[in-house]
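Below you'll find the structure, written out as structure tokens, and then a few comments.
2 protein chains.
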Amino acid sequence: MSWRSIGIFDSGVGGLTVLREIIKAMPQEDTIYFGDTARVPYGTKSPETVIRYAHEITSFLVRRDIKLLVVACNTVSAVALNGLKRHFPIPVVGVIEPGAKRAVEVSRSGRIGVIGTAGTIKSSAYSRAIKRLNAQAEVLTRACPLFVPLAEEGWIDNQVARLTAQSYLQDLKEAGVDTLVLGCTHYPLLKPLICETMGPDVTLVDSAEETARSVAEILSRKKLLRPPSEKGNHHYFVSDVPAAFIRVGNRFLGGRLGDVYQVNLDDEREEG
Amino acid sequence: MSWRSIGIFDSGVGGLTVLREIIKAMPQEDTIYFGDTARVPYGTKSPETVIRYAHEITSFLVRRDIKLLVVACNTVSAVALNGLKRHFPIPVVGVIEPGAKRAVEVSRSGRIGVIGTAGTIKSSAYSRAIKRLNAQAEVLTRACPLFVPLAEEGWIDNQVARLTAQSYLQDLKEAGVDTLVLGCTHYPLLKPLICETMGPDVTLVDSAEETARSVAEILSRKKLLRPPSEKGNHHYFVSDVPAAFIRVGNRFLGGRLGDVYQVNLDDEREEG
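Here the protein sequences line up with chains A and B, keeping their order. Residues in the first sequence are numbered consecutively from 1, following full-length UniProt numbering. Residues in the second sequence are numbered consecutively from 1, following full-length UniProt numbering.
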């Protein structure tokens, strides 16, 4: 019997933190990752543009017969998820809903902090998702634009990273949030530092972990999980030359990437 | 008599530091600025892609009858300048040559430092340009990836910026460079901090200033300068929604931007 893969995409390398959690939770699954490195970042682009890109990439992955799609990108999850669910005949999982759900479950006080890129925070996607689950929740948000370049630079525990975290997180800490959602796929790399900055009374919610948990639940419910005795294969596609993706990606995935192939979505479209 | 405009383009807002110097040097000139905000950044894209984008944007500006083109983007200057010069019948000025020329003029020791984005440094474009002018020059380079997000965040004189500058510039300082080229259009915003970090014995070369000087020389030589009694108008076009461009751009331009229009280069191409 042949098993279908889990498809995962992001605008760049960030989604590899989600892939890492998926591999950790379900090492038997085959995966196909697509990083749109030619068009990264999405956060500064209009919703129309992001929706168009998301449909192109999902078509590419669906042609490779994936059984489930993970949108490992906060920007796409915020603007394109419902459209993708309507348009493609497979389960589609974003990164916002799982993180929001977990935050509501673990918060005792209902005061929940959310950090992310400027685009994600401005979209209010996490605030809305949390409020849908608990209308009484109080959501405090903060954009942390320097966290992405710090993570990509590998500056995750030096003094620059520490001062940046203190500056960004001070207000949330003083406001007394008891739960903080890491609303950007790059942030798991900074988790030890964010944890240290917020102190032991604040529970961190890692959207990457929660998304992997959602994927496992859905595949289990639909009886689409491979037997745990198997060992998964992992394929990587990017839209621009792979060198930078490989260099930064190895740090993000916490291990060695396999082969990374470059594809041109325009050519694919004509062929498809 | 009607006067033609100076055309300027960059992948985003950074080129506004070049525009600022052009307006300072030639306040009588009309300008048209194009920021490719839908596709920023270029530094991570392949040369083929960058060349294609540069030709699209130059065509857009040439249709608006510009008299000279300023490529206010280091990535494009490094890979596409010769192609643009061959293909379009107007003078084309990049940001690398003027900075390299000035560095060779002012350096006494011939030990010249160059800082820029990872892409610019990896391209060795400044090193080659400097060596062409002085084969004996010793060029020391350093990529400073966090400087762009620091400038866009407006963190240009706090402790995070200071420690980042110290970390990036320490080796160049210890190596005893007497001249440092700011090889990225975002870096003029950090000039006071970089100056403080390098100390009074190091001359900073601001590529934006030198590029404006080159433009003035060429227009003067070709008798294309407007009379100094005139007052220039400034138009701005971007390829994605203008909100973020306007917010960050006002800081970069050191003043109020006028109206900013969004254009879709695909539509333009059909129409053109």
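Heads up, the beta-carbon is just placed ideally off N, CA and C, and yes, glycines get one too. Small disclaimer: the values here were computed from a predicted structure and weren't measured.
Compare the Cα-Cα distances from residue i to each of the options and report the closest residue.
{"i": "E174 (chain A)", "options": "A:G99, A:T120, A:L140", "result": "A:L140"}
{"i": "I51 (chain B)", "options": "B:N82, B:R4, B:G99", "result": "B:N82"}
{"i": "H234 (chain A)", "options": "A:F9, A:D10, A:E29", "result": "A:E29"}
{"i": "D24 (chain A)", "options": "A:P228, A:L204, A:P242", "result": "The displayed chain sequence assigns Lys, not Asp, to residue 24 (chain A). Nearest of A:P228, A:L204, A:P242 to K24 (chain A), Cα basis: A:P228."}
{"i": "A135 (chain B)", "options": "B:V114, B:V104, B:T197", "result": "B:V104"}
{"i": "V70 (chain A)", "options": "A:F147, A:E48, A:P98, A:T117", "result": "A:P98"}
{"i": "D10 (chain B)", "options": "B:S239, B:A243, B:N264", "result": "B:S239"}
{"i": "V95 (chain B)", "options": "B:D259, B:L150, B:V181", "result": "B:V181"}
{"i": "K122 (chain B)", "options": "B:P47, B:Y53, B:G35", "result": "B:P47"}
{"i": "A80 (chain A)", "options": "A:K45, A:F147, A:L204", "result": "A:K45"}
{"i": "A78 (chain A)", "options": "A:E138, A:A129, A:G110", "result": "A:A129"}
{"i": "D266 (chain A)", "options": "A:S109, A:F60, A:E138", "result": "A:F60"}
{"i": "T179 (chain A)", "options": "A:Y168, A:G199, A:S167", "result": "A:G199"}
{"i": "R111 (chain B)", "options": "B:A137, B:P145, B:K131", "result": "B:A137"}
{"i": "V148 (chain B)", "options": "B:L19, B:V263, B:P41, B:T58", "result": "B:P41"}
{"i": "Y126 (chain A)", "options": "A:A100, A:L169, A:V205", "result": "A:A100"}
{"i": "C195 (chain B)", "options": "B:I115, B:S109, B:T58, B:F88", "result": "B:I115"}
{"i": "K131 (chain B)", "options": "B:L146, B:P145, B:R102, B:E152", "result": "B:R102"}
{"i": "D206 (chain B)", "options": "B:T58, B:T49, B:A72", "result": "B:A72"}
{"i": "H87 (chain B)", "options": "B:R108, B:S109, B:V62, B:S107", "result": "B:V62"}
{"i": "C144 (chain A)", "options": "A:Y168, A:S107, A:L133", "result": "A:Y168"}
Classify residue i as helix, strand or coil using the three-state DSSP reduction.
{"i": "T55 (chain A)", "result": "Here residue 55 (chain A) turns out to be His, not Thr, going by the sequence shown. Residue state, collapsed to three classes: helix."}
{"i": "T141 (chain B)", "result": "strand"}
{"i": "I156 (chain B)", "result": "coil"}
{"i": "H234 (chain A)", "result": "strand"}
{"i": "Y42 (chain B)", "result": "coil"}
{"i": "T117 (chain B)", "result": "coil"}
{"i": "G272 (chain A)", "result": "At G272 (chain A), the pLDDT of 36 sits below 50, so the modelled position is not reliable and the matter cannot be decided from this model."}
{"i": "F88 (chain A)", "result": "coil"}
{"i": "D206 (chain A)", "result": "strand"}
{"i": "L225 (chain A)", "result": "coil"}
{"i": "G249 (chain B)", "result": "helix"}
{"i": "T31 (chain B)", "result": "strand"}
{"i": "L193 (chain A)", "result": "helix"}
{"i": "V95 (chain A)", "result": "coil"}
{"i": "D171 (chain B)", "result": "helix"}
{"i": "residue 292 (chain A)", "result": "Because chain A in this structure spans residues 1 to 272, residue 292 (chain A) falls outside the shown range and cannot be described."}
{"i": "L150 (chain B)", "result": "helix"}
{"i": "L219 (chain A)", "result": "helix"}
{"i": "Q262 (chain B)", "result": "strand"}
{"i": "L133 (chain A)", "result": "helix"}
{"i": "R22 (chain A)", "result": "Looking at the sequence shown, residue 22 (chain A) is not Arg but Ile. Three-state DSSP puts I22 (chain A) in a helix."}
{"i": "R102 (chain A)", "result": "helix"}
{"i": "V50 (chain A)", "result": "helix"}
{"i": "R111 (chain B)", "result": "strand"}
{"i": "G7 (chain B)", "result": "strand"}
{"i": "V177 (chain A)", "result": "coil"}
With a threshold of 7 Å on Cβ separation, who are the neighbours of residue i within its own chain once the five nearest residues in sequence on each side are excluded?
{"i": "L193 (chain A)", "result": "I156, D157, A161, R162, A165"}
{"i": "R256 (chain B)", "result": "N250"}
{"i": "F245 (chain B)", "result": "V13, G35, T37, V238, V260"}
{"i": "V177 (chain A)", "result": "R111, I112, G113, L140, V202"}
{"i": "L146 (chain A)", "result": "T164"}
Can you list, in chain order, the residues of its chain with a C-beta nearer than 6 Å to that of residue i? Leave out the 5 residues immediately preceding and following it.
{"i": "T120 (chain A)", "result": "N74, G183"}
{"i": "E21 (chain B)", "result": "A208, E209, A212"}
{"i": "K85 (chain B)", "result": "V92"}
{"i": "residue 296 (chain A)", "result": "Shown here, chain A extends from 1 to 272; a query on residue 296 (chain A) therefore has no answer."}
{"i": "G258 (chain B)", "result": "H234"}
{"i": "E56 (chain B)", "result": "L265"}
{"i": "G43 (chain B)", "result": "T75, T117, G119"}
{"i": "residue 276 (chain A)", "result": "Since the first and last residues shown for chain A are 1 and 272, residue 276 (chain A) lies out of range."}
{"i": "R64 (chain A)", "result": "I32"}
{"i": "G254 (chain A)", "result": "R20"}
{"i": "E230 (chain B)", "result": "Q28"}
Ordered along the chain, which non-local residues of its own chain (more than five positions away) have a Cβ less than 8 Å from that of residue i?
{"i": "I66 (chain B)", "result": "R4, S5, I6, G7, I32, I90"}
{"i": "G232 (chain B)", "result": "I23, M26, P27, Q28, E29, D30, T31, R226"}
{"i": "L68 (chain B)", "result": "I6, G7, I90, P91, V92, V93, V215, I218, L219, L224"}
{"i": "D171 (chain A)", "result": "L140, R142"}
{"i": "Q262 (chain A)", "result": "F237, V238, S239, D240, V241, P242"}
{"i": "V248 (chain B)", "result": "V13, E152"}
Would you verify that the beta carbon of residue i is, or is not, closer than 8 Å to some beta carbon of chain E?
{"i": "V76 (chain A)", "result": "The displayed structure is made up of protein chains A and B, and chain E is not among them."}
Specify whether the stretch 217 to 229 of chain B and the stretch 182 to 197 of chain B touch according to this definition: at least 3 beta carbon pairs, one from each stretch, less than 8 Å apart.
-> no
Is the stretch 147 to 167 of chain A touching the stretch 189 to 207 of chain A, taking contact as three or more C-beta pairs under 8 Å?
-> yes
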